[in-house]
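Going by my numbering, 589 is the number at position 502 of the first sequence; the sequence numbering is gapless.
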Amino acid sequence: MCGVLRSSDAGKKAVLMGWVNRRRDLGNLVFIDVRDRTGVTQVVCNKELNPAIHEKASRLRNEYVIAAIGTVKQREPNTINRNIPTGEIELVAEELRILNEAKQPPFLPGDTVLPNEELRLKYRYIDLRRDAMQFNLELRHKVAIAIRSYLSSQGFFEIETPFMTRSTPEGARDYLVPSRVQPGSFYALPQSPQLFKQILMISGCDKYFQIVRCFRDEDLRADRQPEFTQIDLEMSYPQPERVWEVVEGFLSAAFKTAGYEIKTPFPRMSYDEAIRLYGSDKPDMRLPAMNDVREAFTAENFQALAVNPNLPVMAIRIPKVGELSRKERDEIKPLFTGKGNAKLFEDFKRLEKSFPDSAAKIRAKSSAETDDLIVIVAGDDKLAEHPSEGGVKPEVKQHDHAVYTAAGLLRVALAQKYASRHRLFEKTGNASVDFRFLWVTDFPMFEWDEEGKRWAAAHHPFTSPHERDMEKLSGGLDAAEDPNSPLAAVRALAYDVVLNGTELGSGSIRIHRQDIQRKIFHALGMTEDEARARFGFFLEALEYGTPPHGGIALGLDRIVMILAGAESLREVIPFPKTARAVDLMVDAPTPVSEAQLKELGIQIRKARE
RNA sequence: GGGGACGUAGUUCAGUUGGUUAGAACGCUGCCCUGUCACGGCAGAGGCCGCGGGUUCGAGUCCCGUCGUCCCCGCCA
88 MCGVLRSSDA
98 GKKAVLMGWV
108 NRRRDLGNLV
118 FIDVRDRTGV
128 TQVVCNKELN
138 PAIHEKASRL
148 RNEYVIAAIG
158 TVKQREPNTI
168 NRNIPTGEIE
178 LVAEELRILN
188 EAKQPPFLPG
198 DTVLPNEELR
208 LKYRYIDLRR
218 DAMQFNLELR
228 HKVAIAIRSY
238 LSSQGFFEIE
248 TPFMTRSTPE
258 GARDYLVPSR
268 VQPGSFYALP
278 QSPQLFKQIL
288 MISGCDKYFQ
298 IVRCFRDEDL
308 RADRQPEFTQ
318 IDLEMSYPQP
328 ERVWEVVEGF
338 LSAAFKTAGY
348 EIKTPFPRMS
358 YDEAIRLYGS
368 DKPDMRLPAM
378 NDVREAFTAE
388 NFQALAVNPN
398 LPVMAIRIPK
408 VGELSRKERD
418 EIKPLFTGKG
428 NAKLFEDFKR
438 LEKSFPDSAA
448 KIRAKSSAET
458 DDLIVIVAGD
468 DKLAEHPSEG
478 GVKPEVKQHD
488 HAVYTAAGLL
498 RVALAQKYAS
508 RHRLFEKTGN
518 ASVDFRFLWV
528 TDFPMFEWDE
538 EGKRWAAAHH
548 PFTSPHERDM
558 EKLSGGLDAA
568 EDPNSPLAAV
578 RALAYDVVLN
588 GTELGSGSIR
598 IHRQDIQRKI
608 FHALGMTEDE
618 ARARFGFFLE
628 ALEYGTPPHG
638 GIALGLDRIV
648 MILAGAESLR
658 EVIPFPKTAR
668 AVDLMVDAPT
678 PVSEAQLKEL
688 GIQIRKARE
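Laid out in structure tokens, this is it:
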């Protein structure tokens, strides 16, 4: 291979096959850098030694595929290239074959500046020849192998589940596959193997895992592709702690293959705490927590600032940002996405001038250094006068939440904006500082769906509520259409694993009892008949002796993305899709022929007006 | 569904207040060059300024629309 020859190989015969990475033609002396996925080696063609080969070498162009046969030669000391691993040797060509020519590519894998992403995706096969992409592909392979072998060693079986399965509405939109044999009926591609893995527990496969593709027809983001890969696992009889232990185990193994020793167990934090301290259910622990600095203000202060004293007043601290100019302060406002009910004080200096006592207390409480940026987010005092629609009394908790999350979003936005100043996002080489893992636990069981005016499952409807909240669940059933119902307080045995502010995975202990499952469906506003229609097969399975079980699923792409230090999933997925879910290389999706549609019994409605 | 950024040579970009023949670097083609390694030198080719419309004596530049890529909100149990 092109990256493996060293001084110790000097004198040996070698055959190098690969692409012409670069040709340096000095006239009677031609150097060719031959590249394959392992690296680059210099091949020398000397007119004096071998005129025929030299002539052939002059005809080579970038990205030709060649075979060079020759003798490995230790280079003279003054011609050694210390920048590459093979720089101490070169191959003196004795035979040169052009295995294939190449058109001039739209860009070269060896280029220092990347072309725009559209071009990279269209000519993905050229883009993938680049070192960085080869590195990412290898990293992904190694991570997957490490996870497989760890889970296998722990007694997990990798078991495949169908891709063509049943649409179970709720959650994301399905990708549908029409049935030819049964016109008018459709399979759905799985959003996750959720029900299959639970059924595997009922089937006696008490430790299951799968590195599996999942499909969701939702809008894309830098960290969201319509098809993505999950590390999916499920086990019988576990406490949540047991699931966490398994995940910590395979993540350690995965990070180890990438050269990082991470510390386990990961810290844990309840959902409520995460919201209060970080304004997010996926806190980035590399940054300091926020502080509720309500006590720093007097009643008069609140009035003067038009701030609601009954709501949190959150101090966000971003370290080492330093003095901000007027213009820079103005740039903070657009980052703040809090709507109507939260307000922003981005100018701490002014606060210090007008309310020196409060400002001093805030500084102390946030342990702020002089060059730290402090920004305050508070509740608008108009809130109290605004009863929420429908005449229901305002839910204080809900408004608290709005202030926390508005502050949390701003915290992350500010941190990103000033990343180069606080340097907390830069890799230090110390894995326990660079990779801040966290378990977020005790998620709420239900979320109020403002649009549908009903409660929805926060995780999924098969998640087990906390034992201690069973009464609230039963109590809430009569008020299943009331946003203030006790259902809001029901906590689930659900947990997320978070890394540096990215949700890596999400899991739960599941419901294994029919009666509780029925109550959950009821709370979600589903009648017995509706539940039967959607999940009948599963409810029936639950009745045949279901062991308690639970599990989790982690995004493999996101793990590899973070390990690769990439900003987008597209860097670690060989053939990704654009923001409009198009594959630019194969140009998919496409219309299909009338004949194909006819066979499937499908008619396309003409675009409206 | 909404908001924002971008679109000029094969590629990455520059292009003044709307003004005459649209530039640079890399790449490409040819010639020269025996120790280069992002080789060097000389010469040259290469443009539907995304597309369509409008304003104007005149549009790469201003306006409207449209297409494409990226980022964000909504959405993603």
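Think of the CB as a built atom: it goes at the ideal place given N, C-alpha and C, for glycine as much as any other residue.
Here the structure is a predicted model, which means the values were calculated and not measured.
Element boundaries [beta strand (DSSP E), containing Q161]: V152 to Q161
Option nearest D644 by Cα separation, candidates L287, V152, C301 and K209: C301
L687: first and last residue of the uninterrupted alpha helix (DSSP H) it sits in: E681 to L687
Under 7 Å between C-beta atoms of A567 and A610: yes
Close-in-space but distant-in-sequence residues of the same chain around L287 (CB under 7 Å, 5 per side omitted): I246, Y295 and E321
Whole-angstrom distance between P399 and L392, CA atom to CA atom: 14 Å
I419 beta carbon less than 7 Å from that of A628: no
Backbone CA spacing between L52 and A666 [nearest angstrom]: No statement about residue 52 is possible, as the shown extent of the chain runs from 88 to 696 and does not include it.
Beta-carbon contacts of L684 that lie in its chain and below 6 Å, excluding the five residues immediately before and after: none
Whether L178 touches V152 by CB criterion (7 Å): no
Residue environment, F244, which counts as buried when at least 16 other CB atoms sit within 10 Å: exposed
Every unbroken beta strand (DSSP E) within the segment 612-672, with a cutoff of 3 residues, ordered by chain: 636-642
Contact check, L116 vs I176, beta carbons under 7 Å: no
F530 versus G637: straight-line alpha-carbon distance, rounded: 15 Å
Backbone secondary structure at A97 - three-state DSSP: coil
Backbone CA spacing between E188 and N170 [nearest angstrom]: 28 Å
Cβ distance (whole Å) where P406 is taken to contact E456 below 8 Å: 7 Å
Q690 versus P265, L103 and G157, residue with shortest Cα-Cα distance: P265
Inter-residue spacing [alpha-carbon to alpha-carbon] between E439 and A446: 5 Å
Segment limits, alpha helix (DSSP H) that includes K436: F435 to S441
Opening and closing residue of the alpha helix (DSSP H) in which Y237 lies: D218 to S240
Alpha-carbon spacing of I461 relative to G105, whole angstroms: 55 Å
Coil, strand or helix - R373 by DSSP: coil
Terminal residues of the beta strand (DSSP E) in which T128 lies: G126 to N133
Chain-order list of residues whose beta-carbon lies under 6 Å from that of H547 (same chain, five-residue window excluded): none
Close beta carbons around Q312, own chain, < 8 Å, minus the five adjacent residues each side: D644, L656, R657, I660, P663 and K664
Beta-carbon separation (whole angstroms), E150 vs P193, contact threshold 8 Å: Between P193 and E150 the Cβ distance is about 11 Å, and since that is not below 8 Å, they are no contact.
T344 - containing alpha helix (DSSP H), residue span: P327 to T344
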